[in-house]
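Keeping their order, the protein sequence lines are chains A and B. Reminder that position 133 of the first sequence reads as 156 in our numbering, one-by-one numbering, no gaps. Reminder that position 81 of the second sequence reads as 104 in our numbering, one-by-one numbering, no gaps. Written below as structure tokens is the structure these notes are about.
Number of protein chains: 2
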Amino acid sequence: MRTYLDCYPCFLRQALAALRLITDQEAEQKRVLDLVMQTLPTLPLEYSPPRIARTVYSIIARETGVENPYREIKIASNRQALAVLPELTRIIERKPNRLRAAASLAISGNLIDFGVQHEGFKVSEGLNGQFPDHFDFDDFSTFEQQLPETKKLLYIGDNAGEIVADKIFISQMKVAYPQLEVGFAVRGAPIINDVTIVDAKQVGMTEVARVINSGSRAPALLEDEMSPEMADWFLHATMIIAKGQGNYESLSQSELPIFFLLQCKCPVVADDLKTPVGSTIFKYHHGCQAE
Amino acid sequence: MRTYLDCYPCFLRQALAALRLITDQEAEQKRVLDLVMQTLPTLPLEYSPPRIARTVYSIIARETGVENPYREIKIASNRQALAVLPELTRIIERKPNRLRAAASLAISGNLIDFGVQHEGFKVSEGLNGQFPDHFDFDDFSTFEQQLPETKKLLYIGDNAGEIVADKIFISQMKVAYPQLEVGFAVRGAPIINDVTIVDAKQVGMTEVARVINSGSRAPALLEDEMSPEMADWFLHATMIIAKGQGNYESLSQSELPIFFLLQCKCPVVADDLKTPVGSTIFKYHHGCQAE
């Protein structure tokens, strides 16, 4: 998905939110925000929003020297989500279709997104036990049909906190289909509250999946900037699940089939998906064959 | 009130909304939006938001050659508001305190604001007959005490559509206090959906007030840029009423006492007023004496 002009106010809003985590000096915030405004015109609309966001956040890191302003928030998000993990697992194990319930939980967890949320957000609101197994965009049956034949599953992670829900979903898949080999892709460097190797370790993702450093410094997986291991998984996985808006934005034109699991949180993505803001999405992208 | 960094995403959003009224060519929209982003860093935070907005809209006018993108919308807003004027007047005349009801209507009318509204907005939603005579910030009793002694009232208008509610409020004041001489200030040039002399004529404001060209090309009254007639009214009025957020933003530090009547529609103004977004404001500003 390319960038739309509606994304520009949002880039500024995101930059300001990150800058306020780094410094309470308004003059310094303005200095960096000014640089962001001067740089945005140099980037083409053909770039996906996360590719432009990467540049925005890299300006902030370069200018302030702070690479990971969301570090403490991420640790706290993971900790809060881990605290409710046993209860969430119990709820899922009482459901008639555990896999569907776990998928629903994983999508609910995608509400934990500091790139989109305007204000402080409680992880418990994203993981509140209310995952009604309903998807507004529902290709779950396609997923259920393909999963028994899947050997190598690539799961592209999104945010801290949310990663705990991802872990529960992956666990449920592996209980149902023990043949599954799962790779869990994380970003190659801190960006917003996206998961990196640090988060994967904090929540014990290695217990259920091989954790893959995607090499991406964007809040998404960029197909032309993968680490060798990531590229190998991406090309040879028998199923790909991509979590969240960022991964949808960067991969929605992919030639490969992908299951996109996300909460639709912004009007631009909503337009692209032809669905209202607030929709829960479990969408099968068939893949676009090269010409 | 000075500008806050939170205003920058909003300036871009407003610019984009105006550009989309002017052209559906995205490349042209982007060209002008880029110029706005390159210009914003050159303007100091000490400026009030409407002073910066004036520059933003002047870039749009200069680059596109379209001075008044909201022209059709304003005419339609006035026409819709005029259509409900008799009914609104009847409702007010059945109220025990007609003046308070008319003030409430005038504040409800302030919802008609294309600088703030994100999407298409129906005038009937702003003037829907539901003006419950309740103000979240309520200095109405001060107003009621001062009005009998007021000879020269300056009423600084805000938006098209809303101006019909202003006219009803002014009419009620003049019924109660026939000695009142009212000046109704309009902007000196088209800016967003703010009222100019054209709107004042369309709704027959001249029937109840002298219409004053303020000279302002901003979506507000700027104290240092008034026409001579405006300055005379501003300095010699025995009461000043300023409608809407823009006038609040530019006049909140004024040395003169002013009644601010508005719907609080954005978080920055809400912070300044220490009130939630959505509040109805009838606030008496005592005036700041010069040192």
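Glycine is no exception: its CB is placed at the ideal position from the N, C-alpha and C atoms. Because the structure is a prediction, the values reported are computed rather than measured.
Check: In whole angstroms, give me the CA-to-CA distance for D181(A) and I135(A).; Outcome: 9 Å
Check: Listing by chain order, which chain A residues have their CB less than 9 Å from the CB of E49(B)?; Outcome: Y27, L28, L68
Check: Excluding the five sequence neighbours on either side, which residues of its own chain have a C-beta within less than 8 Å of the C-beta of S250(A), listed in chain order?; Outcome: G211, I235, N236, S237, G238
Check: Shorter than 7 Å, the distance from the beta carbon of V79(A) to the closest heavy atom of the ligand GTP, or not?; Outcome: For the structure depicted, the ligand GTP is absent and the ligand set is empty, with no information on it obtainable.
Check: Output the boundary residues of the beta strand (DSSP E) element that contains I264(B).; Outcome: 262 to 266
Check: Mind checking whether L39(A) and L56(A) have CB atoms under 8 Å apart?; Outcome: yes
Check: Verify whether the separation of the beta carbon atoms of I179(A) and A208(A) is less than 8 Å.; Outcome: yes
Check: Please report the distance separating the alpha-carbon of G310(A) from that of I193(A).; Outcome: 23 Å
Check: Using a Cβ-Cβ cutoff of less than 7 Å, which residues in the same chain neighbour S100(A) once the five nearest sequence positions on both sides are dropped?; Outcome: I135, V146, A183, G184, N216
Check: Kindly list the residues whose CB is nearer than 7 Å to the CB of P92(B), restricted to its own chain and excluding five residues on each side of it in sequence; keep chain order.; Outcome: A41, L44, I45
Check: Can you list, in chain order, the residues of its chain with a C-beta nearer than 6 Å to that of F144(A)? Leave out the 5 residues immediately preceding and following it.; Outcome: Caution is warranted here: a pLDDT of 45 is assigned to F144(A), below 50, making its placement in the model unreliable, and no coordinate value can be reported.
Check: Can the beta-carbon of R322(A) be found less than 8 Å from the beta-carbon of A241(A)?; Outcome: The structure shown does not extend to residue 322(A), since chain A is modelled only from 24 to 314, so the question has no answer here.
Check: Ignoring anything shorter than 4 residues, give me the alpha helix (DSSP H) runs that lie fully in the segment 92 to 146 of chain A, in order along the chain.; Outcome: 94 to 116, 121 to 132
Check: Going by DSSP, name the residue or residues bridged to K306(B).; Outcome: F283(B)
Check: Is the shortest distance between the beta-carbon of Y200(B) and the beta-carbons of chain A less than 8 Å?; Outcome: no
Check: Give the DSSP bridge partners of Y271(A), in chain order.; Outcome: Answer is none; Y271(A) lacks a bridge partner.
Check: Determine contact between the segment 191 to 205 of chain B and the segment 162 to 177 of chain B, defined as no fewer than three beta-carbon pairs at a distance below 8 Å.; Outcome: yes
Check: Quick test of your reading: Q37(B) and A76(B), contact by CB under 8 Å. State the CB separation rounded to the nearest angstrom.; Outcome: 7 Å
Check: Check whether the Cβ atoms of P32(A) and Q61(B) sit closer than 8 Å, and answer yes or no.; Outcome: no
Check: Nearest to L244(B) by CA position, among T229(B), R121(B), I263(B), V226(B), is which residue?; Outcome: I263(B)
Check: Using the C-alpha atoms, what's the distance from V221(A) back to V231(A)?; Outcome: 16 Å
Check: If we cut at 8 Å on Cβ distances, does P32(B) have a partner in chain A?; Outcome: yes
Check: Taking just the CA atoms, how far does I96(B) sit from L285(B)?; Outcome: 21 Å
Check: Write down every uninterrupted run of the beta strand (DSSP E) in the segment 168 to 212 of chain A whose length is 3 residues or greater and which is fully enclosed by it, in chain order.; Outcome: 175 to 179, 204 to 209
Check: Examine chain B for any beta-carbon lying closer than 8 Å to the beta-carbon of M24(A), and answer yes or no.; Outcome: no
Check: Counting contacts by CB-CB distance shorter than 8 Å, is Q52(A) in contact with chain B?; Outcome: yes
Check: In chain order, what residues of the same chain have a beta carbon less than 8 Å from the beta carbon of Y70(B), not counting five sequence neighbours either side?; Outcome: R25, T26
Check: Name, please, each residue of chain A whose Cβ falls closer than 7 Å to the Cβ of R36(B).; Outcome: P32
Check: Note down the Cα distance separating P213(B) from G88(B), rounded to an integer number of angstroms.; Outcome: 13 Å
Check: Distance cutoff 8 Å, beta carbons only. Does P64(B) sit that close to anything in chain A?; Outcome: yes
Check: Give the secondary structure of D217(A) by DSSP, where H, G and I count as helix, E and B as strand, and everything else as coil.; Outcome: strand
Check: For R233(B), does the three-state DSSP call read helix, strand or coil?; Outcome: strand
Check: Do L28(A) and K53(B) count as a contact pair if the criterion is CB distance below 8 Å?; Outcome: yes
Check: Nearest-angstrom Cα distance between I281(A) and C287(A)?; Outcome: 17 Å
Check: List the endpoints of the continuous alpha helix (DSSP H) containing C33(B).; Outcome: 30 to 45
Check: In chain A, which residues lie with their C-beta within 9 Å of the C-beta of L285(B)?; Outcome: Simply none; closest approach about 23 Å.
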